[in-house]
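Report on the following structure.
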Amino acid sequence: MTSKKLFFALVTAAFFGCNSKTIQVEPLGKPNDDKKVAIYYTLPRTVVYVRVACTQNEYIPGPYADYAKKFLGIDGVSNTEKVEYSISKIDIETHSETDPNAIFAVYPSGKGYGNYLKLSADGLILPVNQTIDSKAITLSHDLKCDEVVFKDLSVNPFIAEETATFYGRTLRDSVYVRVPIQRSMTVERNLEEKAKEAADFIFSIRKKRLDFLTPDIDHPFAGDALQLILKELQRLEDEYLALFIGKRFTHAFSQTFSFIPSNAEGESAILFRFSESKGLLTPTDLSGRPILIEFDQPEYPENFDAVKSDMESFAVKTKLDRFYYRIPVITNMRILDGKQLLVEKRLSVFQYGLLAQLPVNFPGK
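So in the working numbering, spot 250 of the sequence shown is number 251, and the numbers just go up one at a time.
Here it is, written out as structure tokens:
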């Protein structure tokens, strides 16, 4: 027996297993004046949570970027700050929550509520006060680093003491003579001078490292001590080299978006928007391109409508009380960036499924 035939056999057996009228179940809003006491349940609906991991790559140019070619021979160094975003990963989860459009009232009889608790425990129906373990919906935030990026700009001060000579006139023996006057002045060095100092320091580091690596030159360091010195020299060179070529920072963050499928014929909607310069954006922010979420038309079991119709006809004829529940169906879901497929997954969606019925006292396990 195939899985589909087994499924229909089990549903039919459960449905026909009891035909004693014990309780009454009706959709909320249907008048029922003679029964005042009731408990309420809702059918579950599927909520899709899409967690998007995003990477922010930030480039901060060095203060001496304009002199990288002149003093270090490094060409193509940008002097413009730049921030770029990229989508690195997408994870998809589904959760069930109560559907406010599918609420039913259960009117008890002397025999109680039938298999209400059994259905509720199995997740086929949900109490109206069901607590849902939902996801937090977050929005993007600025990850730009506010701290000082370049702290060590030079081994020498930015100001220097210079002695300047001025000439004055003084009266000597009734004659004015020109006399030199020396004064000490504080002078601020310009950016090009500091760039040259930094470049000279880089070359001195490289020369010192070469001395340590040359076997013909005697030095008192070996083993771990030498490795530590070489590592520190490399760190100093990288730090000073960044004054010319800049620094790059990578920040990773994630945001979660939610979507509730509603159209069983298949649907498409804007889940969020994305921009390489701004990152993840809300669906209403037109500065980014749309990222779509798509659902195919569900895959319904063969001949299910006919079997379901036969069961409903039998229930009506025999006045069989029954619980209403949903049978979820499978559909394909995709996340698209234009024509580029970002992720695809098969999901089980309750609200796409068919409304089915079980007798209030169907057999247990």
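Note that beta-carbon positions come from the ideal geometry of N, C-alpha and C, so glycine has one too.
Quantities reported herein were computed from a predicted structural model and do not represent experimental measurements.
Is the beta carbon of A75 less than 7 angstroms from the beta carbon of A69?
Strictly speaking, residue 75 in this sequence is Ile, with Ala absent from that position. Yes.
From what residue to what residue does the beta strand (DSSP E) around I103 run?
The sequence given here places Ala at residue 103; Ile does not occur at that position. Here the beta strand (DSSP E) through A103 covers 83-108.
Ranges of the alpha helix (DSSP H) found wholly within the region 195-275, counting only runs of at least 4
224-246
D67, DSSP secondary structure in three states
helix
Touch check for the region 260-269 and the region 283-291: three-plus C-beta pairs under 8 angstroms?
The region 260-269 is not in contact with the region 283-291.
Let me check understanding here. Comparing Cα to Cα, which of S79, F260, F213, F202 lies closest to L237?
Relative to the Cα of L237, the nearest Cα in the group S79, F260, F213, F202 belongs to F202.
Identify which residue in A103, G63, Y353 has its Cα closest to the Cα of F245.
G63
Pick from L272, E240, T99, A200: whose alpha carbon is nearest that of K71?
A200
Are the region 98-109 and the region 223-243 touching, with three or more C-beta to C-beta distances below 8 angstroms?
Taking 8 angstroms as the limit for Cβ pairs, the verdict is that the region 223-243 does not touch the region 98-109.
What residue from P181, F213, K279, L73 has the CA that sits closest to E193's CA?
L73
Taking all protein chains shown into account, do 16 or more other C-beta atoms lie within 10 angstroms of the C-beta of F324, making it buried, or fewer, making it exposed?
buried
Checking 7 angstroms against the spacing of the C-beta atoms, do S87 and T43 come in under that value?
No; because the gap between Cβ atoms is not below 7 angstroms, this pair is not in contact.
For P291, which residues does DSSP report across the bridge?
R274
Rounded to a whole number of angstroms, what is the C-alpha to C-alpha distance between Y353 and T332?
In this structure, the CA atom of Y353 is about 9 angstroms from the CA atom of T332.
Go ahead and label V49 buried or exposed: buried means 16 or more other beta carbons lie within 10 angstroms of its beta carbon, across all protein chains shown.
buried
Express the C-alpha separation of R179 and T164 in angstroms, rounding to a whole number.
Distance between the alpha carbons of T164 and R179 is about 19 angstroms.
Under the assumption that F273 contacts T285 (Cβ atoms under 8 angstroms), give the Cβ distance between them as a whole number of angstroms.
Their Cβ separation, rounded to whole angstroms, is 10 angstroms, which puts F273 and T285 out of contact at 8 angstroms.
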